[in-house]
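So in numbering that gives the first Met the number 0, the last spot in the sequence shown is 111, and the numbers never skip.
Glycine residues also receive a C-beta, built at the ideal position from the N, C-alpha and C atoms.
Here's the structure, in structure tokens; my notes come after.
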Amino acid sequence: MNYLLSLGRYEIVSFMTGFALLSYELAGARILAPSIGTSTYVWTSVIGIIIAALSLGYWAGGALADKRNRQMDIVWLLFFSAALVVLTLVMSDIVLKMVSTKIDDPRMQGLA
Numbered sequence: 000m001n002y003l004l005s006l007g008r009y010e011i012v013s014f015m016t017g018f019a020l021l022s023y024e025l026a027g028a029r030i031l032a033p034s035i036g037t038s039t040y041v042w043t044s045v046i047g048i049i050i051a052a053l054s055l056g057y058w059a060g061g062a063l064a065d066k067r068n069r070q071m072d073i074v075w076l077l078f079f080s081a082a083l084v085v086l087t088l089v090m091s092d093i094v095l096k097m098v099s100t101k102i103d104d105p106r107m108q109g110l111a
């Protein structure tokens, strides 16, 4: 129990954002299911895109942390990330209808 009490703000934020990203990944695959399906191609695409986004975010976060060390940067980055998540959820129906009608290959539909 002492370990849980000794956790700092950054560890808690890191845990919560990781949990949110995993939830977003699972929800993303479920959102894709009605229009594209739940094939191996779809799951592979979702996992690959999430890993690529994590890698890009880790790189950009490391570069930002080397240049500036402000706590408000974390707040603004989390706010921006949350706005992007909301935007993707709002735009998902429009984008999925377009993808399912314009792209015939199911392997490419998962990437779009």
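Three-state secondary structure (DSSP) of Ile46: Here Ile46 sits in helix by DSSP.
Ala32 in three-state terms, based on DSSP: Reduced to three states, the DSSP call for Ala32 is coil.
Where Ser91 sits in the DSSP three-state scheme: In this structure, Ser91 counts as helix in the three-state DSSP scheme.
C-alpha gap between Thr16 and Arg106, whole angstroms: One Cα belongs to Thr16, the other to Arg106, and the distance between them is close to 29 Å.
Option nearest Ser80 by Cα separation, candidates Ile93, Gly60 and Val94: Answer by Cα proximity: Gly60.
Candidates Ile73, Ile93 and Val85, of which the one nearest Arg8 by Cα: Of the candidates Ile73, Ile93 and Val85, Ile73 places its Cα closest to the Cα of Arg8.
Leu31, buried or exposed, once every other Cβ within 10 Å from all chains shown has been counted against 16: The residue in question, Leu31, is buried, as its Cβ has 16 or more Cβ neighbours within 10 Å.
Phe78 versus Leu88 - alpha carbon distance: Approximately 16 Å between the Cα atoms of the pair.
Ranges of the alpha helix (DSSP H) found wholly within the segment 55–106, counting only runs of at least 4: Within the segment 55–106, the complete alpha helix (DSSP H) runs of at least 4 residues are 70–101.
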